[in-house]
Amino acid sequence: MTASRSSCLGIGRKTSDETATFYFKNRTRFIMLVLVTLCLSICQSNVLTLNFTIICMAGPPLDITPYNQSGNIHRSGNGSYFEVGDSGLADYELDMSNRPYVYTASEKNMLFSFVAVGAMVAVYPCMLLIQRFGSRNIVTIFGFFSAFCTALVPLCADLGFAWLVVIRFFQGTGLSPGFTLIGIFTLQWSMMKQNAFFIAVLTCLFQIGPIFTMPIAGALCTSSLGWQSVYYLHAIVTCILYIIFLYFYRELPDRHRLVSEKEIDRIKRMKSDTTKREPVPLRAMLTSPAILSCWASGIGNFIGIQLTMQFSPTYLNRVMGFPVEQTGLFSAIPQIVTFCLKLVAGVMADKMVCCAPVTSVKIFNSLAIGGMGIFFFIVAYVPTTEPLLALIVLIICTSIVGFNCGAFFKSSAIVAAQHNHFVMGVNSFINCACALLAPVIVNIFVKDDTWDEWWWVWVVHGIILTVVNIIFLVFGKGEPAEWTKKKIPDDATGSTIPRILDPESSCERIQNSSSANKIHPEPLAVPNVAVNHEESPETMMRNVKDVHRF
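Those letters in the sequence shown? Residues 33 to 582, per our numbering, in order.
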């Protein structure tokens, strides 16, 4: 049985009795899951370092007293200053802008957006490199490059703004392998009944990143080590994690010496052979309504996430009147809630056996994408006199998207099967595009941060999410597409027939003549069974099994 199974996987392995090694109690896949999640999260943390250090880079604000001899400068509720009549406010702002590491609003937007531009530019080349050379080496190279760019940020900041923009662009390229690796790792390492949980944990990189960086940046910025130490620490942690990744990670569990035969059986159960890389059927995927509906939901998902992630603090501070020091704390709460909800939702999606997979993914998509759209409509009508209610609704908006692990993410994993890495790569591109698009949409409607202006922002985003959810409800699927099903040539007719899989052993029970000779050293007399394409699938299956049994 072991020899036969190893042959059909294309990889020879020793049995458990022949190999004395530690197998993590047949749970090595979960160790790999934690490792991959941490590696993806640290790259996310690297690009967030500037978001949290840009405030302390300029040092503490200047004392306003020498500039306020007339007493006409006053402090607003959101921490900014305004003047009534003639004062020295203009001189104060000029001196503030002349300090090192002080950037204008447009310069800050450029520094933040060039990360997304770098990731967008690198997504497709990264996908091609992974398809050509495998995920282990390519992801490791991008990881070390992310660490290198992060360590150079302080130097580039000293050299000037243009240098800092360039290094932010290259720093963004470290994000490009993320979704592609999620697709590959989920396909190769997760059991069929744990797909949603693996996706849930892996996509927690968006929560783990800021949860790690926020306290680290806050502590080091105010210490004697200075803000530069934030970047050096992140670079060191990145190198350590990717050294472990290079040593421990394998794209295929069959090639990992710490994965037992029993665990491979669990992983491969109900799966076809995923050990060989196949060309991506681009035309079939780009014309598949099921895949297009997943990408449509991805647009709604990421544009909603980018809106809440980038502008929730601004909305709470300038519209609802929360102090600056509280908005930072309140912005961290949704990340923690989303992290917990994703883990729960992942388990729920895998355990939901009361309905068909297509029904399950549509329910979760309605909760994640449709639910976020509904709460966008609700927050649009929360008055400024109810800031606490606005905060609660925003937390729900941000957190409810955690159900996406069992929604379009799971649907694409099922429909695209072995080609899901391409779908996830496109999702990475969509995420970067939405990161650039979100400020554009907000700036179209918002000029003075009034409640009426933000009403349009929430309503427009609510409409977008509602529409893409309806598209998924109509076209979303929960079964593999036809173009994912492998076919083999039939010697008698020259045509093709589908490979028949045995769900118990997850091995292909049809072998061509060459592979049959490898399994049976001595030739066997096998009756010549012609394939009649008018036969029913049941009859064809019975004939094939008779040949194998003979």
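Where is the CB? At the ideal position from N, CA and C, for every residue including glycine.
Here residue 168 is near residue 277, since their CB atoms are less than 9 Å apart.
Looking at the backbone, the Cα of residue 444 and that of residue 89 are separated by about 42 Å. Here residue 152 has 461, 464 and 465 as same chain residues with Cβ atoms under 7 Å from its own Cβ, once five neighbours each way along the sequence are excluded. Taken in chain order, the complete beta strand (DSSP E) segments of 3 or more residues contained in the stretch 144-202 number zero; there are none. Judged by DSSP in its simplified three-state form, residue 454 adopts helix. Per DSSP, reduced to three states, the secondary structure at residue 288 is coil, with no helix or strand assignment. Residue state for residue 494 is assigned as helix, using DSSP reduced to three classes. One thing to note: residue 506 has its Cβ no nearer than 9 Å to the Cβ of residue 439. DSSP places residue 441 inside the alpha helix (DSSP H), whose first and last residues are 440-448. A residue is called buried once 16 or more other Cβ atoms fall within 10 Å of its Cβ, and residue 475, having fewer, is exposed.
Beyond the five residues adjoining it in sequence on each side, residue 331 comes within less than 8 Å, by CB distance, of 462, 466, 496 and 500 in the same chain, given in chain order. Residue 402 is positioned such that its CB atom lies no closer than 9 Å to that of residue 228.
Per the coordinates, the alpha-carbon of residue 163 lies some 13 Å from the alpha-carbon of residue 313. Taking residue 315 as reference, the option from 267, 290 and 515 with the minimal CA-CA separation is 515. The beta carbons of residue 509 and residue 447 sit closer together than 9 Å. Note on residue 186: 16 or more other CB atoms within 10 angstroms of its CB, so buried under the neighbour-count rule. If you compare the alpha carbons of 320, 192 and 179 with that of residue 513, the shortest gap goes to 320.
When DSSP states are grouped into helix, strand and coil, residue 136 belongs to the coil group. A distance below 9 Å separates the beta carbons of residue 182 and residue 78. In its chain, beyond the 5 residues on either side, 477, 478 and 479 have a beta carbon closer than 8 Å to the beta carbon of residue 485. If you look at residue 86, you'll find it in the alpha helix (DSSP H) that goes 60-89. Minimum Cα-Cα distance from residue 271 among the listed residues 175, 311 and 334 corresponds to 175. Exposed is the label assigned to residue 420, since fewer than 16 other Cβ atoms lie within 10 Å of its Cβ. The residue from 400, 358 and 414 with its alpha-carbon nearest to that of residue 431 is 400.
The C-beta distance from residue 427 to residue 365 rounds to 6 Å, short enough to meet the 8 Å contact threshold. In the displayed model, residue 255 falls within coil according to three-state DSSP, outside both helix and strand. Under the criterion of beta carbons closer than 8 Å, residue 380 and residue 214 do not qualify as touching, at roughly 19 Å. In the three-state DSSP reduction, residue 510 falls in the coil class, being neither helix nor strand.
Distances from the CA of residue 62 to each of 230, 373, 502 and 165 were compared; the closest alpha carbon is that of 230.
DSSP, read as helix, strand or coil, puts residue 415 in coil.
Counting other Cβ atoms within 10 Å of its Cβ, residue 188 reaches 16 or more and is therefore classed as buried.
Rounded to the nearest whole angstrom, the CA to CA distance from residue 262 to residue 142 is 21 Å.
In the DSSP annotation of this structure, the continuous segment of the alpha helix (DSSP H) that includes residue 345 starts and ends at 321-346. Taken atom to atom, the span from the alpha-carbon of residue 348 to that of residue 369 is near 18 Å. Here residue 225 is exposed: its Cβ has fewer than 16 other Cβ atoms, across all protein chains shown, within 10 Å. Distance from the CA of residue 148 to the CA of residue 205, rounded to the nearest whole angstrom, comes to 8 Å.
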